[in-house]
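Asks: For the sequence shown, the working numbering gives the first residue as -2, with consecutive numbering after it.
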Amino acid sequence: MQRLMKELICPKCGNPTHNLYENVCKNCFLKQFKLAELDPVISTQICARCGSKYERGQWTDTKHDTNTVLEKVESELLLHENADIIELGFEPQKLTPYQYIVNIYIQAEIYGMPLEEKLTTEVRVQRSVCDACSRIAAGYYEGIIQLRASNRNPTDEEKKKCDHLVRDTLSRMEKKGDRLAFISNMSSSKEGTDYYIGSSGACRQICKIITSKLGGEHQESPSLFSQRDGKELYRVSYAVRLPKYVPGNILYFNNQVLQIKNCDKKAKCIDLQTGKKVIASIEDIEKAEFLGVYNDSILAVLVAIEDNAIMV
């Protein structure tokens, strides 16, 4: 804009003017000026299975609703580069779950002139299937967690605890953006449970959490299964071994009769003769002699001791 004190002639219409706006008078400028531009029809894409939204070339876990429709409209709206003090108002009308009419009210200043404009667009919501749901349907997985126990079968309680840890960890990782944090398949037997997980990173995190909560150890064994864009893709088997002994077991260890109270990174025990607490490493406690299970014990009265025999 150029402001002059003397009167000028508009080169387009020939009328006198004191100010020029992009080299023409105000009336000519406003006739050709567009405050904003917007396509009459806008398309957005959502997953028909999980409701996630496709934008900027990738799927996000943002669920589809009226707000996401308005966000799409705002992202497609092109405002004049010299517009200042911009105020936007949206008036959505939902025709069907997959079709909207949106009125957009725009207020702004251009070269100090207050301007208003109304635009209308139709938003069409296209339904497809996202990458994660496609992989779930195809049984895709990057890792297998094989839950077992050392020299025994996992108890039902251990299986239940591990299942909760698996699902809770996957839920938290999915919320943080890992779209492959899902169970594509699982199988269970008396020897343990196998989880087929979409993300190898999620597998590794699950193994760390299980062994920190229940004790034991895990090992990784990768195997090549495909190539993509010249890169080798591996599937990893994660063997989780729970400790040999569990809370409630009675053991003979270092000339002590111990009851295991808790197992995680260490075995926390009670000396049944003295009542003192004993803490031992999982590796050491697995060398102990198994005597029995606390819940199988019964109350008895010691009557007599004679040589190597007792009477109860």
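The C-beta atom is built at its ideal place from N, Cα and C for all residues, glycine as well. What you are looking at is a predicted structure, and each value in this text was computed from that prediction instead of being measured.
1. Whose C-beta lies closer than 7 Å to the C-beta of Asn12 among residues of the same chain, with five residues either side of it excluded?
2. Report all residues from its chain with a CB closer than 6 Å to the CB of His77; omit the five preceding and five following residues, and keep chain order.
3. Have a look at Asn79 and Gly109 and give me their C-alpha separation to the nearest angstrom.
4. Assuming Gly213 and Pro240 form a contact by the criterion Cβ under 8 Å, report the distance between their Cβ atoms to the nearest whole angstrom.
5. Applying the criterion that 16 or more other CB atoms from any shown protein chain within 10 Å of the CB defines a buried residue, is Cys200 buried or exposed?
6. In terms of alpha-carbon separation, which member of Phe250, Arg164, Glu155 and Ala105 lies closest to Gly189?
7. Among the candidates Thr41, Gln216 and Arg232, whose CA atom is the shortest distance from the CA of Ser72?
8. Hey, out of Phe26, Asp261 and Gln256, whose CA is closest to Ile267's CA?
9. Roughly how many angstroms separate the alpha carbons of Gly48 and Gln202, rounded to a whole number?
10. Consult DSSP for Met(-2) and reduce its assignment to one of helix, strand or coil.
11. So what does DSSP say about Ala178, is it helix, strand or coil?
12. Quick one: using the 10 Å Cβ neighbour count with 16 as the cut-off for buried, is Ile279 buried or exposed?
13. Could you tell me how far apart the beta carbons of Ala45 and Arg124 are, in whole angstroms, since I believe they sit closer than 8 Å?
14. By DSSP, does Ala277 sit in helix, in strand, or in coil?
15. Taking Cβ positions, are Gly140 and Ser197 nearer each other than 8 Å?
16. Would you decide whether His161 is buried or exposed? Buried here means 16 or more other CB atoms lie within 10 Å of its CB.
17. What does the alpha-carbon distance come out to for the pair Gln96 and Asp81?
18. Opposite His215 in the DSSP bridges: which residues?
19. Taking the alpha-carbon of Lys172 as reference, which of Thr59, Thr271 and Val126 has the nearest alpha-carbon?
20. I need the straight-line Cα distance from Gln104 to Ala129, nearest angstrom please.
21. Residues in its own chain within less than 8 Å of Val309 by CB, not counting five upstream and five downstream?
22. If you check the beta carbons only, do Leu27 and His15 fall under 8 Å apart?
23. Taking Cβ positions only, does Glu34 come closer than 8 Å to chain D?
24. With H, G and I counted as helix, E and B as strand and the rest as coil, what does DSSP make of Asp81?
25. Could you give the DSSP three-state label for Thr190: helix, strand or coil?
26. Between Cys159 and the rest of its own chain, which residues show a CB-CB distance below 6 Å, the 5 nearest in sequence each way excluded?
27. If you draw a straight line from the C-alpha of Phe87 to the C-alpha of Pro94, how long is it?
28. So, for Ser234: in the same chain, excluding its five sequence neighbours on each side, which residues have a beta-carbon less than 6 Å away from its beta-carbon?
29. Can the beta-carbon of Val38 be found closer than 8 Å to that of Glu119?
30. Can you tell me which of the three DSSP states Tyr137 falls into?
31. Alpha carbon to alpha carbon, how far is Tyr51 from Met170?
32. Alpha carbon to alpha carbon, how far is Glu113 from Glu84?
33. Tell me which residue opens and which closes the beta strand (DSSP E) that Thr41 is part of.
Replies: In short, the structure shows the following:
1. Cys22
2. Leu32
3. 10 Å
4. 5 Å
5. buried
6. Glu155
7. Thr41
8. Gln256
9. 26 Å
10. Interpretation of Met(-2) is limited by its pLDDT of 43, a score under 50 that renders its predicted location unreliable; the figure taken from the coordinates is listed afterwards. In the structure shown, Met(-2) sits in coil (DSSP, three-state: anything other than H, G, I, E or B).
11. coil
12. buried
13. 4 Å
14. strand
15. yes
16. exposed
17. 32 Å
18. Val237
19. Thr59
20. 41 Å
21. Ala297, Val298, Leu299 and Val300
22. no
23. The structure shown contains no chain D; it is built from a single protein chain.
24. strand
25. strand
26. Leu144 and Ile207
27. 18 Å
28. Ile141 and Ser218
29. yes
30. coil
31. 20 Å
32. 10 Å
33. Val38 to Cys44
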